[in-house]
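Here the sequence shown is numbered in the UniProt record's numbering, starting from 1 and rising by one per residue.
All C-beta atoms in this analysis are idealised placements derived from N, C-alpha and C, irrespective of residue type, glycine included.
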Amino acid sequence: MRAAERTGMTQDQWGRLKQDLLKSVGKSNFKSWIEPLELSHLEEGVATFAVPTSFVGNYVSQKYGDQILYHVQSVSPEIRRVHFQVPGNQARRPAQARPAAAPAEPAIRRDPMMPAAPLDKRFTFDTFVVGKPNELAHAAAKRVASGGPVTFNPLFLYGGVGLGKTHLMHAIAWELSERQPELNVVYLSAEQFMYRFVQALRERKMMDFKSMFRAVDVLMVDDVQFIAGKESTQEEFFHTFNALVDGGKQIIISADRAPGEIENLEERIKSRLQCGLVVDLHPTNYELRLGILQSKVEYYRTQYPGLQLADGVLEFLAMRITKNVRVLEGALTRLFAFASLVGHEITLELTQDCLADVLRSSERQVTIEEIQRQVSDHFNIRLSDLIGPKRVRVFARPRQVAMYLAKQMTSRSLPEIGRRFGGRDHTTVMHGVRRIDELRVTDSQIAEDLELLRRTLEA
Numbered sequence: 001m002r003a004a005e006r007t008g009m010t011q012d013q014w015g016r017l018k019q020d021l022l023k024s025v026g027k028s029n030f031k032s033w034i035e036p037l038e039l040s041h042l043e044e045g046v047a048t049f050a051v052p053t054s055f056v057g058n059y060v061s062q063k064y065g066d067q068i069l070y071h072v073q074s075v076s077p078e079i080r081r082v083h084f085q086v087p088g089n090q091a092r093r094p095a096q097a098r099p100a101a102a103p104a105e106p107a108i109r110r111d112p113m114m115p116a117a118p119l120d121k122r123f124t125f126d127t128f129v130v131g132k133p134n135e136l137a138h139a140a141a142k143r144v145a146s147g148g149p150v151t152f153n154p155l156f157l158y159g160g161v162g163l164g165k166t167h168l169m170h171a172i173a174w175e176l177s178e179r180q181p182e183l184n185v186v187y188l189s190a191e192q193f194m195y196r197f198v199q200a201l202r203e204r205k206m207m208d209f210k211s212m213f214r215a216v217d218v219l220m221v222d223d224v225q226f227i228a229g230k231e232s233t234q235e236e237f238f239h240t241f242n243a244l245v246d247g248g249k250q251i252i253i254s255a256d257r258a259p260g261e262i263e264n265l266e267e268r269i270k271s272r273l274q275c276g277l278v279v280d281l282h283p284t285n286y287e288l289r290l291g292i293l294q295s296k297v298e299y300y301r302t303q304y305p306g307l308q309l310a311d312g313v314l315e316f317l318a319m320r321i322t323k324n325v326r327v328l329e330g331a332l333t334r335l336f337a338f339a340s341l342v343g344h345e346i347t348l349e350l351t352q353d354c355l356a357d358v359l360r361s362s363e364r365q366v367t368i369e370e371i372q373r374q375v376s377d378h379f380n381i382r383l384s385d386l387i388g389p390k391r392v393r394v395f396a397r398p399r400q401v402a403m404y405l406a407k408q409m410t411s412r413s414l415p416e417i418g419r420r421f422g423g424r425d426h427t428t429v430m431h432g433v434r435r436i437d438e439l440r441v442t443d444s445q446i447a448e449d450l451e452l453l454r455r456t457l458e459a
């Protein structure tokens with residue numbers, strides 16, 4: 001006879017309690033969170049349930065623990081609390097452990113009172129497309145996630161929006177959950193850290209706050225730039241950081257810029273953040289964007305098996321949507337959904353119609369000033385000489401190149417371009433544009449210079 005049955009609650013009774021929970025939590029939540037629970041044993045006033053992963057256990061404990069305890073006590077009044085654990089302390093990969101329709105789950109953490117952000121089941125190393133702009137960041141994240149000795153602490157990831165910082169941080173957490181499920185890993189945003197700190201101050205529970213954060217094995221803080229200018233929060237973050245590093249715990253931080261470039265961040269914190277490995281996720285290049293799209297298409301083919309994708313569409317999107325991977329992926333999602341609704345093949349024409357607003361907003365807005373700076377650097381002349389009155393060939397030809405690019409890459413009128421080039425007349429601009437247009441056909445060096453400058457400005 002099982003331990004649970006010796007104490008008064010049978011597996012059949014637990015099965016009936018689960019049906020009661022179904023009515024209170026709803027079908028979707030029940031299927032994702034309650035149905036996987038298996039009654040393990042009841043002992044010393046504690047009901048222990050087996051869960052497929054520590055993620056499920058932590059989430060259920062926080063979200064449904066009180067409800068489950070209430071129902072269990074209706075059968076076994078001696079039960080004072082409920083506990084969730086992975087049998088044999090083994091965890092499976094997120095993709096195997098959770099239903100496909102389950103919502104994002106909370107981070108790995110031992111203490112159900114610990115503040116943490118949800119982890120996205122899509123953000124694993126398996127779904128991260130590696131290219132030259134992000135290969136160092138990917139390698140560093142994999143090293144930390146391996147659970148072995150790491151020579152750098154903290155790992156600081158920085159880059160613009162949609163370049164993969166958050167994806168890598170989630171992937172580290174998922175990987176650690178598989179390799180070392182006993183670890184107390186906390187992933188949260190800097191904003192959540194600040195909120196919890198302020199709450200602890202208000203409720204006079206600072207010792208509890210300090211104890212919670214100093215008990216973690218791996219602390220992951222996203223968007224740390226948000227604590228800049230918050231003096232008290234920075235003070236506590238500094239002490240938490242030091243306590244964890246001194247204790248041999250791993251810290252992973254992300255931000256939208258390098259530590260030294262975060263304004264209003266205390267110098268001592270900048271110094272601590274820079275003492276580890278600081279990795280820049282560079283803007284994606286064409287090859288990486290195309291690889292991301294191809295990876296997503298493989299997934300969508302399972303969702304829309306009959307949908308045809310014309311040649312050249314992915315290349316077109318990779319060329320036009322250059323700044324943000326999230327926008328790129330969102331555009332593809334919309335495209336497949338729209339094509340499936342109208343029942344048409346995904347052609348270049350349909351893509352342009354469906355994504356007209358996205359394509360417009362993604363257009364690179366090049367300024368005349370940018371063009372002037374790039375041309376000056378390219379030809380190794382001073383900006384003042386480029387826009388100045390000197391007409392010698394060494395300055396005049398680059399000036400004409402800059403005028404030509406300003407006409408081609410901006411919507412500015414000829415008179416306005418002339419004003420930006422030292423107050424020149426629009427006829428001078430027209431002559432310069434016409435001259436470069438002629439030379440690019442006959443002079444291979446001019447053609448090469450123009451192409452290189454165009455690529456740099458569009459990057």
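Separation of residue j from residue i, as counted between CA atoms
i	j	result
residue 415	residue 261	38 Å
residue 375	residue 237	45 Å
residue 191	residue 226	6 Å
residue 131	residue 142	15 Å
residue 147	residue 181	11 Å
residue 84	residue 280	39 Å
residue 330	residue 447	36 Å
residue 252	residue 297	31 Å
residue 387	residue 455	22 Å
residue 373	residue 402	9 Å
residue 449	residue 407	16 Å
residue 17	residue 41	15 Å
residue 144	residue 150	6 Å
residue 30	residue 337	29 Å
residue 135	residue 119	22 Å
residue 9	residue 220	41 Å
residue 81	residue 257	45 Å
residue 133	residue 410	28 Å
residue 73	residue 212	29 Å
residue 32	residue 15	16 Å
residue 255	residue 420	36 Å
residue 159	residue 137	10 Å
residue 292	residue 128	8 Å
residue 392	residue 382	14 Å
residue 289	residue 276	29 Å
Same chain only: Cβ atoms within 7 Å of residue i, ignoring 5 sequence neighbours per side
i	result
residue 228	262, 263, 264, 265
residue 425	418
residue 206	200
residue 208	200
residue 162	324, 325, 326, 327
residue 380	none
residue 197	209, 233, 236
residue 230	194
residue 430	414
Continuous beta strand (DSSP E) stretch holding residue i: start and end
i	result
residue 50	46 to 50
residue 85	81 to 85
residue 387	From DSSP, residue 387 is part of no beta strand (DSSP E) but of the alpha helix (DSSP H) over 383 to 387.
residue 256	Premise fails: residue 256 is in no beta strand (DSSP E) and is neither H nor E.
residue 411	Taken as a continuous stretch (DSSP letters only), residue 411 belongs to no beta strand (DSSP E), as it is neither H nor E.
residue 218	218 to 222
Same chain, Cβ closer than 8 Å to residue i, five either side skipped, listed in chain order
i	result
residue 452	378
residue 1	With a pLDDT of 39 at residue 1, under the threshold of 50, the modelled position of that residue is not reliable, and the figure given next carries that caveat. Cβ neighbours of residue 1 beyond the five flanking positions: none.
residue 345	307, 308, 309, 310, 339
residue 92	Unreliable positioning characterises residue 92 in this predicted model, as indicated by a pLDDT of 37, which lies under 50. The coordinate reading is nonetheless provided below. Hits under 8 Å: 52, 53, 178.
residue 214	240, 243, 244, 247
residue 24	67
residue 351	313, 316, 317, 335
residue 21	30, 34, 64, 67, 68, 71
Contacts around residue i, its chain only, beta-carbon distance under 6 Å, and the 5 residues preceding and following it disregarded
i	result
residue 274	259
residue 404	433, 436
residue 217	183, 184, 249
residue 50	38, 40, 87
Beta bridge counterpart(s) of residue i as assigned by DSSP
i	result
residue 43	46
residue 271	For residue 271, which the question treats as bridged, DSSP gives no partner whatsoever.
residue 156	253, 278
residue 188	221
residue 309	346
residue 135	DSSP output for residue 135 lists no bridge partner at all.
residue 38	50
Residue range of the alpha helix (DSSP H) that includes residue i
i	result
residue 285	No alpha helix (DSSP H) holds residue 285; DSSP gives it neither H nor E.
residue 167	165 to 179
residue 228	Unbroken run through residue 228: none, as it is neither H nor E.
residue 356	356 to 361
Would you check if there are 3 or more beta carbon pairs closer than 8 Å linking the stretch 121 to 129 to the stretch 170 to 182?
yes
Do the stretch 148 to 155 and the stretch 299 to 319 make contact, defined as three or more Cβ pairs closer than 8 Å?
no
Determine contact between the stretch 27 to 36 and the stretch 55 to 72, defined as no fewer than three beta-carbon pairs at a distance below 8 Å.
yes
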